[in-house]
Amino acid sequence: MKREVPLIITFLSGIIIIIAFFIPLYPFGSYKNFPGLQDRFLQWYNILLGFTLILGIDTLIAYHWKKIKEGSKDAPYSIALIVSIFITLAVGIFSWVKYGDPFKAGSPFMFYYDYIFVPLQSTMFALLAFFIASAAYRAFRARNLEATLLLIAAAFVMIGRVPAGDNILNIYLFGYHITLPKIAAWILDTPNMAVQRGILIGVALGGIAMSLRIILGIEKTYLS
Amino acid sequence: MKKIYDILEFLGKIDRRWIFLFVFVFTTLPLALKFKVRVTPTEEVKIAFNYIENLKEGDRVLISIDYDPASMPELQPMLYAILRHLFRKNLKVIMMGHWPLGLPLGKTALEEVAKEYNKKYGEDYVFLGFRPGGSAVMVAMGSEIRNVFAADQYGTPLDSLPVMRDVHNYDDIALLIGLEAGSTGDFWVQFANARFGQEIILGCTAVIAPNLYPYYQAGQIRGIIGGLRGAADYENLVGKLGTGSIGMWVQSAIHILIIIFIIFGNVGYFVLRRRRKRSV
Amino acid sequence: MYSGFLHAFGVWLAAFFTLSIFSFLYKDNPFYKFAEHIYVGSSAAYWILYLFVFDVKPLLWDAFFRNTGFEKWILIVPFALSLMMLTRFIPNISWISRYAIAFVVGIGAGLAITGSIQGILIPQLKGTLVPLFGKENFWHYVNNWILVAGVLTTLFYFYFSIHHRGILRGLAKTGIIFIMIAFGAAFGYTVMARVSLLIGRIHFLLFEWLSFIFH
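Chains as they are written, first to last, in the numbering used here: chain S, 1 to 224; chain Y, 1001 to 1280; chain D, 2001 to 2215.
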């Protein structure tokens, strides 16, 4: 019951979506204004997916609540986290009730978003610029042919895609006008594109295999 | 000679905080000087621009905001340039998104640029908002947009908005522009383009730009506007330079700096390796 | 959008959080930890708020009062499934959430199969069928040869079901060379992306926070 019924639900929901692709007629597809099974299921899927977004929050709150109860040295930060959850929610709900839309320009929630959330998230990711420079300096060594090719390709793309690279190289070879931007463009259009396509095809095949396994009930890890 | 080798070996052992300082200085100085630079637009961006240029007045363009504040510096200038182009051509804009954290950014840009061109909400543009579901939303929109968005972000039924009156699915949308910071663009291609034949242009962060070239070559997307360079290219084509173009000078400086550091690191590494071989 | 004082207060608040995060570059410190925890807490709260603003209200609540007849009462099914999903928070009855998760996973798998085949596999294979010979001279087709060779050797490099020996080892080696060139290009673009994010923050600090110095 606890495992068999979910497997049947997975099979039926998955197979109906696939059948609807090939037979878009009612009852799988829609008929005039009456939604078919596919449209109905997709509508329910949209509703449910919203709830999956908050599933991890209980773990987050429980973890930090435990730190506060134990009085660990990081407890003040956990308090800040939990307080910020409640303040954000309170500000959002207040703005929603007062303005009808929490995202209305000038609402307290938008103030919170513009001056607290956006700077925090943007700066977290801006730190990566420093780390990528440091990591490139420490780790990028032309140890062998492959590493050297990687470095050369990176250098061409880095210089070829900025204005500084426009005039560094300007030659004619076998009737072709060669510049750094053109080399960078060729690297992206040809060898990079070929590799990305190979990876894309591989990932697609893997995804198809995994999805089939899930629908047929061979893969059950999502039930744990 | 030994001193020269010592110096060369030292080049491979610079403390990372000095690297951070150099990166900070090389970013701040060019920005403070506020040079805006004209760039020669790349082929993919020119093709995207020309595709929009050839749309007819009154055509509907769907913009999907699929990024968050983390990608704002790259995609927000791109969005401003694209909106200016769309409104200049009197195209109708329908904005939605799959990344709820980035939607306020899209909404702010839309309202600001609409005001610049005296566009009216409901007649020239509409903001639909976000619905969870990702690919399910994309497939559902293929039959009827109202199955997913019965009303706009403010609760106004779509049928009462002139811009949405005759828009029911992708057949009524001339172009979809996805501004992407993750894999949502792949889903747009897989579902909106492959299943429903929707024409797509993707603007994206520089991280994912290389991944989109297979779609571009296969004709599944009409153009790629990649990273801050793409934003600067589009600003140049539209004729109004903004933060994208300001950033290009800094990009040049930092890229050259990083290449210099990589050369230093390799010089230090090879000198150290040679010394170790000799001592053995 | 905001009055003079509110805007100034907001900018100083934003600058405080920006500099707190940047302080991590020197070393980990209480300001950074505080800012990091506020960020995580705010993000979590945003997702809860979004759930109600974009999901529960328009798709369940408004739809229930807008629709009539069968379309109205059928909404009980997704509502029930949503409640089942939330039982995950209660350990004794969390097994009920499997029904809702099974539904979500099944739909996702169904969409993935159709999307991958129609949207990736077939168009990408079609894009790889390019002319390798023709009326033009060889150099006209060089890029097509590189494309086909790149795709095939990349796919082969990741095929681990047979031992890469002899000529197959040569194919795998060619694949890794193509892959390294592509990864180099990807790295170059990644540097551009990360630097762009830094430019955005420094631009804010110079022209919004320190606007009295930099105009």
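C-beta atoms are modelled at their ideal positions from N, C-alpha and C, and glycine is treated no differently.
Span of the beta strand (DSSP E), counted from its first residue to its last, around residue i
i	result
residue 1064(Y)	1060 to 1066
residue 1112(Y)	From DSSP, residue 1112(Y) is part of no beta strand (DSSP E) but of the alpha helix (DSSP H) over 1103 to 1116.
residue 1093(Y)	1092 to 1097
Unbroken alpha helix (DSSP H) run spanning residue i, endpoints
i	result
residue 52(S)	37 to 52
residue 64(S)	57 to 70
residue 1176(Y)	Looking at the DSSP string, residue 1176(Y) is not in any alpha helix (DSSP H); the run it does join, the beta strand (DSSP E), is 1175 to 1180.
residue 2126(D)	2122 to 2128
residue 2034(D)	2030 to 2050
residue 1211(Y)	1209 to 1217
residue 2208(D)	No alpha helix (DSSP H) holds residue 2208(D); DSSP gives it neither H nor E.
residue 164(S)	Counting along the chain, residue 164(S) falls outside any alpha helix (DSSP H), and DSSP gives it neither H nor E.
residue 2139(D)	2138 to 2157
residue 1005(Y)	1002 to 1010
residue 14(S)	4 to 22
residue 2076(D)	2076 to 2086
residue 1135(Y)	1135 to 1143
residue 2067(D)	Note, residue 2067(D): premise wrong, no alpha helix (DSSP H); not H, not E.
residue 1053(Y)	1043 to 1053
Proximity of residue i and residue j at Cβ, strictly below 8 Å
i	j	result
residue 44(S)	residue 2078(D)	yes
residue 191(S)	residue 2146(D)	yes
residue 2018(D)	residue 52(S)	no
residue 89(S)	residue 2049(D)	yes
residue 2042(D)	residue 117(S)	yes
residue 1127(Y)	residue 1100(Y)	no
residue 2182(D)	residue 195(S)	yes
residue 2020(D)	residue 2034(D)	yes
residue 1208(Y)	residue 1163(Y)	no
residue 1041(Y)	residue 1233(Y)	yes
residue 2152(D)	residue 202(S)	no
residue 2088(D)	residue 2094(D)	yes
residue 1011(Y)	residue 1187(Y)	no
residue 1088(Y)	residue 1051(Y)	no
residue 197(S)	residue 2118(D)	no
residue 126(S)	residue 2198(D)	yes
residue 11(S)	residue 20(S)	no
residue 2014(D)	residue 24(S)	no
residue 1104(Y)	residue 103(S)	yes
residue 61(S)	residue 2047(D)	no
residue 1150(Y)	residue 2066(D)	yes
residue 1204(Y)	residue 1226(Y)	yes
Whole-number beta carbon distance between residue j and residue i, since they are thought to touch under 8 Å
i	j	result
residue 1224(Y)	residue 1212(Y)	5 Å
residue 1077(Y)	residue 1184(Y)	Contact doesn't hold; Cβ gap of about 20 Å is too wide.
residue 14(S)	residue 2107(D)	7 Å
residue 162(S)	residue 1217(Y)	At roughly 24 Å, the Cβ-Cβ gap does not stay under 8 Å, so residue 162(S) and residue 1217(Y) are not in contact.
residue 1136(Y)	residue 2111(D)	7 Å
residue 66(S)	residue 74(S)	In fact, because the Cβ distance is near 11 Å, the residues do not count as touching under 8 Å.
residue 1222(Y)	residue 1142(Y)	At roughly 19 Å, the Cβ-Cβ gap does not stay under 8 Å, so residue 1222(Y) and residue 1142(Y) are not in contact.
residue 1061(Y)	residue 1036(Y)	The pair is not a contact, with the Cβ atoms about 27 Å apart (cut-off 8 Å).
Exposed unless 16 or more other CB atoms sit within 10 angstroms - verdict on residue i
i	result
residue 1025(Y)	exposed
residue 106(S)	exposed
residue 1(S)	exposed
residue 1107(Y)	buried
residue 176(S)	exposed
residue 1085(Y)	buried
residue 1019(Y)	buried
residue 115(S)	buried
residue 1098(Y)	buried
residue 2037(D)	buried
Residues bridged to residue i (per DSSP)
i	result
residue 1129(Y)	1096(Y)
residue 1202(Y)	1178(Y) and 1224(Y)
residue 173(S)	176(S)
residue 1234(Y)	In the DSSP output, where bridge partners are listed per residue, residue 1234(Y) has none listed.
residue 2005(D)	Partner(s): none; residue 2005(D) has no beta bridge.
residue 31(S)	34(S)
residue 1151(Y)	1157(Y)
residue 1121(Y)	1125(Y)
Contact with chain A by residue i, beta-carbon distance below 8 Å
i	result
residue 143(S)	Included in the structure are the protein chains S, Y and D, with no chain A among them.
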